[in-house]
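Q: Got a structure for you, written out below as structure tokens; questions coming shortly.
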Amino acid sequence: FLFGSHKDLCQYILILTSQLGGPQLRVFRTNFFIQLVWPGVAQPEDTVQFRIPMEMTKVDLRNYLESIYNVPVAAVRTRVQYGSNKRRDHRNVRIKKPDYKVAYVQLAHGQTFTFPDLFPEKDQSPEGSTERQQRQSSDPWRGGVPNWFGL
């Protein structure tokens, strides 16, 4: 086929893809951004909480997790969280934070999720604490003022 312009070619491709039996449209990147958040109250190990856009539906979230991240999903529950409007500006006018949607995703049977321990607890060694106490109490006449503050 010969096309007169680029516009004619684009229209022809659009007609081919929208016909029955045409190639399936694929989305490689989505316009949605989801956030994995720490739940406010304790949740079961198979439940994960996300903050998602208001336009995203339960089916969208399920497809997003299963197709992009290969996470098996059993159920999705959502709720809309009202954004607070307690803040005020310099004219004493209320400033409202935007509403957002919270999704509770229940993972498939046998799947669990726990947040990784990014900051493990350090061992308090007794020799380190005595060294610090000795360094702080070097001169009893200074009254707790550190050495670097003196002349």
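FYI, UniProt numbering numbers position 84 of the sequence shown as 84, with every residue one higher than the one before it. The beta-carbon is built from N, C-alpha and C at its ideal position, and this holds for glycine as well. Treat the numbers as computed from the prediction; the structure is a model and nothing was measured.
1. For K101 versus T78, is the C-beta distance shorter than 8 Å?
2. Under a three-way DSSP split, which group does Y100 fall into?
3. What first and last residue would you give for the beta strand (DSSP E) that runs through R79?
4. Buried or exposed, going by whether 16 or more other CB atoms sit within 10 Å of the CB of A42?
5. Tell me the DSSP bridge mates of V48?
6. Would you call the CB atoms of V145 and A103 closer than 8 Å?
7. When DSSP builds the beta bridges, which residues end up paired with R94?
A: Straight from the coordinates:
1. Your numbering for residue 101 matches position 101 in the sequence shown. Your numbering for residue 78 matches position 78 in the sequence shown. Against a cut-off of 8 Å, the Cβ pair of T78 and K101 comes out as a contact.
2. Taking the sequence shown and counting its residues from 1, the one referred to as residue 100 is at position 100. DSSP places Y100 in strand when its eight states are reduced to three.
3. Locating residue 79 in the sequence shown gives position 79, counting from the first residue. V73 to Q81 is the span of the beta strand (DSSP E), which, as asked, contains R79.
4. Walking along the sequence shown from the start, residue 42 turns up at place 42. A42 comes out exposed.
5. Here residue 48 is taken as the residue at index 48 of the sequence shown, counted from 1. DSSP, once it has assigned bridges, lists V105 as partnering V48.
6. On the sequence shown, residue 145 is found 145 positions in, with the first residue counted as 1. On the sequence shown, residue 103 is found 103 positions in, with the first residue counted as 1. Cβ atoms of V145 and A103: not closer than 8 Å.
7. One-based indexing of the sequence shown puts residue 94 at position 94. DSSP, once it has assigned bridges, lists R88 as partnering R94.
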